[in-house]
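Just so you know, the sequence shown maps onto residues 74 to 505 in the numbering used here.
Below is one structure, written out as structure tokens; the observations come after it.
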Amino acid sequence: MEPMFTPALHRQRHQFVIDFVKRKKPKKVLDLGCCECVLLKQLKFHREIELLVGLDIDGVQIKKKMHGLAPISTDYLQPSYDQLRIELYQGSVTEKDARLRGFDLVTSIELIEHLTLADVELFSEVVFGYLTPEAVIVSTPNSDFNPFLPGLVGFRHIDHKFEWTRAEFKSWAMKVCLQYGYEVELTGVGQAPPGQRERVGFCSQIGVFHRLGGKERYNMFDEDAEDVFSYTLLYSIIYPSLHDNNILRRVLMCEVVYWAEKLKRRWIAEETGERDDTDYLCQAEGEGGECFRASERHVDTEETQTAACGAEMKTLVDQEEEDGELFWRHSQPDSDKWRRRVSVPLAVLWCCCPKVSVLSGSVSNLRLLLMDEPGVKLSQDGSAMLLNHQEQDLDDDDDEEEHRADLEDSPYAEARQCPPSAEPEEDWEANV
Ligand code: SAH
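In structure tokens:
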């Protein structure tokens, strides 16, 4: 049988909420009767939301899929400044709980028809009179539409206690508005066949309520709030965010190390006339061309950027040290291996990598952060980062081992695994 609605009706109801969220950008959103968290899973991608909460009386339903709300690896690898906490509670909408007060948006999608009429009264009191959110979206079946649903006898679901006509829904909505100080707009999703739209309305009727009097009204109610906690917390997760200092530091270090290494190699390549083959390393090692250069376009952009910065690095340093000695130091002059050290001025690093400048704020902040990093060596005056570079005499196996060990011990070992900030996500499957 052809589906009656495209997209499916439940998708249209959730899309209605998502469109509202896109327009109004609420920070705190509560979904009542969240069931298996389908709507919450879509809302978590709207990162203007800082607190996303679900409530359902049925803990088993919540637990079934709640782990799908956890952050994914990219949330950890490339955290943003957005903050997001997700909480799931088991409890009834007929009972109060102070933790759910003061939200910007409360949604109740196909929930109220599962309550007795007496419980709908309690629902109205709890949601509009106690939780007092700025906006509420309530959806419920429109029984005027039922004759158009093929084969339907009785209610649309076995657990429904009632299904309201448009007039009944309107009468409840108006009463709530008068009693608790809201205004409502009545609409819906799921269009009737052409020619019948006026007469029967939408398949799912929706009321969008807005609290009159804005934020002040909530504060007024706040004074008398009872501190009741009747719900059970089942799940709580905080998404990684750059507002967390440890995360900020880790991401910044990855960027700094990546760019400092890049600039160093660029500079060495220019000085020695050797090709900077960092970006081809993977290709050289990969058997049968399995591993390709990360992303041609991206690397080209980076090449231009590091080339420009390489020149800048030279200019900056040459101003201080005419012969450029600052770049190359023989730290082990007696040894048969020449260890050289490349100095990358923090100012250059800061200018070259937009993410480093955004994350650190200023060159002096960057210096302070790097001073605390045990694996980072700064020049005496703290104006540059000093990076080891070993002379290319690695034919000998021992040297090679040592060189490898050097890299593994260095703080850059981790950074070598860090993707550069601007790198687009790759679909490797599609590239093969
Ligand atoms: N909102 C979801 C699911 C609707 S089904 C969606 O859009 O798909 C109705 C849900 O309301 C069920 O998960 C049911 O467990 C929940 N429910 C029923 N009575 C409830 C109550 N008193 N308090 C909280 N949730 C309730």
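Even for Gly, the Cβ is constructed at its ideal location relative to N, Cα and C.
- Contact check between the region 205 to 224 and the region 171 to 191: three or more CB pairs, one atom from each, fall below 8 Å, which counts as touching.
- Annotation for residue 224: no residue places its beta carbon closer than 6 Å to its own, counting only its chain and skipping 5 residues before and after.
- Looking from the CA of residue 88, the closest CA among 126, 116, 108 and 98 belongs to 116.
- For residue 132, the enclosing alpha helix (DSSP H) has its first and last residue at 132 to 138.
- In terms of Cα proximity to residue 203, the closest of 112, 343, 301 and 307 is 301.
- Per the C-alpha coordinates, the member of 114, 183, 320 and 306 positioned closest to residue 242 is 183.
- When C-beta atoms of the region 318 to 332 are compared with those of the region 130 to 146, fewer than three pairs fall below 8 Å, so the two segments do not count as touching.
- Assigned with DSSP and collapsed to three states, residue 146 falls in helix.
- In this chain, residue 191 is not harboured by any beta strand (DSSP E); it is covered by the alpha helix (DSSP H) spanning 190 to 197.
- Nearest neighbour of residue 240 by Cα position, chosen from 256, 327, 109 and 216, turns out to be 216.
- Distance from the CA atom of residue 194 to the CA atom of residue 201, rounded to whole angstroms, is 11 Å.
- Between the alpha carbons of residue 341 and residue 425 lies a distance of about 17 Å.
- Assignment of residue 278 by DSSP, reduced to helix, strand and coil, places it in the strand class.
- Residue 214 and residue 438 have their C-alpha atoms spaced approximately 58 Å apart.
- Per the DSSP secondary-structure output, residue 302 pairs in a beta bridge with 170.
- Measuring C-alpha to C-alpha distances from residue 262 to each of 443, 86 and 460 identifies 86 as the nearest.
- If you draw a straight line from the Cα of residue 171 to the Cα of residue 304, it is about 10 Å long.
- The alpha helix (DSSP H) runs of length 4 or more contained entirely in the region 243 to 277 are, from start to end of the chain, 270 to 273.
- Remark: the C-beta of residue 165 is in contact range of the ligand SAH, defined as less than 7 Å to any heavy atom.
- As computed with DSSP, residue 92 is found in no beta bridge at all.
- Taking every protein chain shown into account, the CB of residue 231 has fewer than 16 other CB atoms within 10 angstroms, so this residue is exposed.
- The straight-line gap separating the alpha-carbon atoms of residue 268 and residue 107 is approximately 35 Å.
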